[in-house]
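Chemist:
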Amino acid sequence: MQFSIGVSALQASQRALDVSGNNIANANTPGYHRQVVQLSSATPLRLDKLSIGRGVDVTGIQRIVNDNIEDSQVRQAAATGASESHLTVATQLESRIANEKASPGARLETLFNRLEQLSSQLNSSSARKLVVASADQLAREFNSVATDLLRQRDDVDQSINAVVAEINPLTKSIARLNAEIARQTSQGISPNDLLDQRSQAIQQLSQRIGIEMAIKVK
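This is the structure in structure tokens:
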């Protein structure tokens, strides 16, 4: 009896060392969560009215994770990704439209000023030429802005297509991991590595599109 108790203690200690070593080895692995060994007293031996302990059993390996923190990280990554995308587009628009010297607003202001000058110099041919030139510049500027906006829309469409090409493999990977996690869980296996892989895939997905994460425990 004492021998078996000692063996169970050694086995539990060895498993704990294995898990600790794995934690150290994966300290810098993206998506990895620390694991701990779960222990419980072995089923005692019943002799008459006595209950004799039989050592310790390793009941599982638990993955240490805070679901609230992980959900918050996913939401934050999604918000950051969306903000960066909006900022990129807005910056491009601003640099094109808000140019002080060559924006539609600046051209329009120049046209109004020259129209005002013409109103006080109705017989001035040079003033009329300046008005015509300003109107022509304004029209050209509107056409240029329209062309730039169409080009930018094409760039955005290409970016969207690129994101779609990235998220499709991620969603397929998450679906595959979900199925395998469910299968292993139903067999009493702790799918810790698969859970880490899924968390990493969800994190990558959230950086590309806005998502919400919900874990169903059956």
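Just so it is clear: in the sequence shown, position 40 is 974 by the working numbering, and no numbers are missing.
Cβ coordinates follow ideal geometry from the N, Cα and C atoms, glycine included.
#1: In terms of residues, what are the limits of the alpha helix (DSSP H) holding residue 1070?
#2: Just to confirm the assignment, what range does the alpha helix (DSSP H) spanning residue 1039 have?
#3: Could you work out which residue in 1081, 1070, 988, 1129 is closest to residue 966 when comparing CA atoms only?
#4: Between the C-alpha atoms of residue 956 and residue 968, what's the straight-line distance to the nearest angstrom?
#5: From residue 1109 to residue 952, what distance separates their C-alpha atoms?
#6: Residue 1073 to residue 1050, Cα distance in whole Å?
#7: By DSSP, does residue 994 sit in helix, in strand, or in coil?
#8: Just to confirm the assignment, what range does the beta strand (DSSP E) spanning residue 972 have?
Modeler: In brief:
#1: 1059-1120
#2: 1038-1054
#3: 1129
#4: 9 Å
#5: 30 Å
#6: 19 Å
#7: strand
#8: 969-975
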